[in-house]
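Be aware that the sequence shown starts at 2, since it is given in this note's numbering, and climbs by one per residue. Please read the structure below before turning to the comments.
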Amino acid sequence: MDKIDKLDRKILSILSQNARIAFKDVAAECGVSRAAIHQRVQHLIENGVITGSSFDISPKSLGYTTCTYIGLNLERASMYKEVVERLNAIPEIIECHFTTGPYTILVKLYAKDNEQLMDLLNNQLQSIPGVVSTETLISLEQSIKREIPITAEI
Numbered sequence: 002m003d004k005i006d007k008l009d010r011k012i013l014s015i016l017s018q019n020a021r022i023a024f025k026d027v028a029a030e031c032g033v034s035r036a037a038i039h040q041r042v043q044h045l046i047e048n049g050v051i052t053g054s055s056f057d058i059s060p061k062s063l064g065y066t067t068c069t070y071i072g073l074n075l076e077r078a079s080m081y082k083e084v085v086e087r088l089n090a091i092p093e094i095i096e097c098h099f100t101t102g103p104y105t106i107l108v109k110l111y112a113k114d115n116e117q118l119m120d121l122l123n124n125q126l127q128s129i130p131g132v133v134s135t136e137t138l139i140s141l142e143q144s145i146k147r148e149i150p151i152t153a154e155i
């Protein structure tokens, strides 16, 4: 990965605030050509600095009202990959992390209601071979959501 410079950081800062901004507007704000912005963004994508682009869709608008974090403890940490394969087949799980601390794995999922959450817990998560226990934390409100800050420093 090549080192990113001040211009790259400025581009990233602008895009992180508004990913749908036109390259011509980014170019104007940075004082360079649209072609230069396009080339820089392409380079950032190719080098794994920009890892995706997407729209944030409100889960509530699709009927998913319960945001839940679930800590899973495994029989053996070496079972991680097999368990993750099974977790990946559950579409309501939107994040999965291999963690230190009280859980081997921490997942974030959305359920339409408590009945679906109970089904996900009892019939899907807890039935995965190697999962020995789960702990459920229901999010009452997401208070902060943002990207990591991008400074001009190199």
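The C-beta atom is built at its ideal place from N, Cα and C for all residues, glycine as well.
Given a length threshold of 3 residues, each whole run of the beta strand (DSSP E) inside the segment 65-144 is given here in chain order: 67-75, 94-99, 106-112, 132-140.
When the beta-carbon positions are compared, G64 and K113 come within less than 9 Å of each other. The Cβ atoms of L110 and I94 sit closer than 9 Å to each other.
With fewer than 16 other Cβ atoms inside 10 Å of its own Cβ, I139 counts as exposed.
S17 is a Cβ neighbour of I151, given a cutoff of 9 Å. V27 sits buried, since 16 or more C-beta atoms from the chains shown fall within 10 Å of its C-beta. Cβ-Cβ distances below 7 Å link V133 to N74, L75, E76 in the same chain, with the five nearest sequence neighbours on each side left out; the list follows chain order. In the displayed model, K7 falls within a helix according to three-state DSSP. Per DSSP, E47 is one residue of the alpha helix (DSSP H) stretching across 35-47. Taking all protein chains in view, the Cβ of L13 is crowded by 16 or more other Cβ atoms within 10 Å, so the residue is classified as buried.
The Cβ atoms of T137 and L118 sit closer than 9 Å to each other. Per DSSP, the continuous alpha helix (DSSP H) segment holding V27 begins and ends at 24-31. Look at I12 here: in three-state DSSP terms it is helix.
D9 sits buried, since 16 or more C-beta atoms from the chains shown fall within 10 Å of its C-beta.
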